[in-house]
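Just so you know, the sequences run in chain order A and B.
Just so you know, we're using the working numbering here: the first sequence kicks off at 296 and counts up by one.
Just so you know, we're using the working numbering here: the second sequence kicks off at 82 and counts up by one.
Quick reminder that beta carbons are idealized off the backbone N, C-alpha and C, glycines included.
For clarity, every value in this text was computed on a predicted model and none was experimentally measured.
Report on one structure; see the data block that follows.
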Amino acid sequence: MKTRVYVTLKGGVLDPQGKAIHHALEGLGFAGVNDVRAGKLIELDLADDVSEADIDAMCRKLLANTVIENYRVERI
Amino acid sequence: MKSAVVVFPGSNCDRDLAVALEQVTGREAAMLWHRATEIPNDIDIIAVPGGFSYGDYLRSGAMAARSPIMRAVADAASRGVAVLGICNGFQILTEAGLLPGALMRNAGLSFICRDVKLTVENSQSIFTSRYDAGEAVTFPVAHMDGNYIADQETLDRLEGEGRIAFRYAEPVNGSAHNIAGILSDAGNVLGMMPHPERVIEPAHGKTDGRRLFEGLVETVAA
């Protein structure tokens with residue numbers, strides 16, 4: 296089963312990469328970009344018997360650093 | 082006095098750190114490969130070196146923090162063994178939960194490689210006993226992810242408990258409170274971005290870092 300894990304920086308955490316992308320977009324002449332936040336998408340191919348709790352543990356133990364990042368799991 | 086240096090694939094300051102430890106302890110440092118599951122009981126000082134462990138995949142230090150040797154390092158730290166993490170070693174110690182907070186991409190998005198002025202904030206720790214509180218020292222930094230971040234409560238606690246060992250004299254990488262190095266709750270773990278092992282002998286141009294290793298050996302031996 297394919298599962299996607301989206302890892303994003305927490306709200307209050309400054310995102311220098313997002314900021315740089317924002318500036319670059321403005322430099323290219325794109326108006327109306329209010330803010331940019333950069334994150335990661337991790338795709339997992341999992342056996343059918345892997346539980347939601349297991350996936351959550353994977354996120355907490357490795358895929359996301361919960362000091363600075365949030366994660367969202369999407370099973371597809 | 083026996084010391085050990087942990088070596089990950091991608092570590093590149095392991096030899097420098099071993100040389101620094103050998104110079105002050107007078108004994109060869111044990112090099113411990115990341116797959117090792119045990120740290121010999123007679124090791125008094127464990128050093129986690131700088132570099133690009135596992136190619137900085139996922140996040141700097143993330144993969145190394147989950148390697149077998151780090152479970153042994155955490156066990157040793159809980160027994161009170163001194164653990165010193167420098168640069169990537171600091172990132173690994175935060176990822177492993179031995180130190181609070183996280184190290185993010187430098188605020189300016191550039192790799193920073195130069196000498197920086199630091200202030201020794203705490204001269205009472207086992208790592209900083211040979212410095213004076215408030216003393217200015219110069220160590221080199223060489224990192225992409227040195228921007229220390231922690232929630233306000235953690236920062237207040239670090240400040241209140243005197244656990245900020247070194248602070249940048251002026252902003253370098255966006256670090257909260259200009260934090261360059263922090264101590265663990267129990268004081269036996271130090272993580273810092275600057276490289277004391279690169280300034281230990283006159284041939285390096287400066288020797289400010291040597292006292293960190295001398296002081297550590299002195300207090301651990303006592």
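- For Ser92(B), no alpha helix (DSSP H) segment is defined, and its DSSP state is neither H nor E.
- Segment contact: the segment 109–122 of chain B against the segment 356–367 of chain A, fewer than three CB-CB distances shorter than 8 angstroms; contact not assigned.
- Taken through DSSP and simplified to helix, strand or coil, Asp123(B) comes out as coil.
- Its Cα nearest to that of Val308(A), the residue Gly182(B) stands out among Gly182(B), Cys168(B), Lys83(B), Leu199(B).
- Glu103(B) is not a Cβ neighbour of Ala143(B), given a cutoff of 7 angstroms.
- Neighbours of Arg186(B) in chain A, taken as residues whose beta carbon is under 9 angstroms from its own, are Asp310, Pro311, Gln312 in chain order.
- In the three-state scheme derived from DSSP, where H, G and I count as helix and E and B as strand, Pro221(B) is classed as strand.
- With fewer than 16 other Cβ atoms from the protein chains shown falling within 10 Å of its own Cβ, Gln233(B) counts as exposed.
- Taking CB atoms only, Arg244(B) has no neighbour in chain A less than 7 angstroms away.
- For Val270(B), no alpha helix (DSSP H) encloses it; the enclosing beta strand (DSSP E) starts and ends at 270–273.
- Each residue's CA atom was taken as its position, placing Thr288(B) and Phe171(B) some 21 angstroms apart.
- For the C-beta of Glu176(B), the chain A residues within less than 8 angstroms are, from N- to C-terminus, Asn360.
- Here the alpha carbons of Gly189(B) and Glu216(B) stand approximately 27 angstroms from one another.
- A distance below 7 angstroms between beta-carbons, with the five flanking residues on each side excluded, links Met225(B) to the following residues of its chain, in chain order: Arg186, Asn187, Phe192.
- Think of a sphere of 7 angstroms around the beta carbon of Arg140(B): the chain A residues whose beta carbon falls inside it are Asn360, in chain order.
- In this structure, Pro130(B) and Asp95(B) form a Cβ contact; the two beta carbons are roughly 4 angstroms apart against a cut-off of 8 angstroms.
- As the crow flies, the alpha-carbon of Gly107(B) is around 34 angstroms from that of Glu242(B).
- Arg160(B) and Asn269(B) have their alpha carbons spaced roughly 10 angstroms apart.
- Put simply, the backbone Cα of Gln312(A) is about 8 angstroms away from that of Arg332(A).
- Note that the C-beta distance between Arg195(B) and Pro149(B) is not below 7 angstroms.
- For Ile263(B), the enclosing beta strand (DSSP E) has its first and last residue at 260–264.
- Leaving aside the five residues that flank Ala223(B) on each side, the residues in its chain whose CB is nearer than 6 angstroms to its CB run, in chain order, Cys194.
- If you ignore the 5 residues before and after Ala250(B), its C-beta comes within less than 7 angstroms of the C-beta of Lys198, Leu199, Thr200, Ala217, all in its own chain and listed in chain order.
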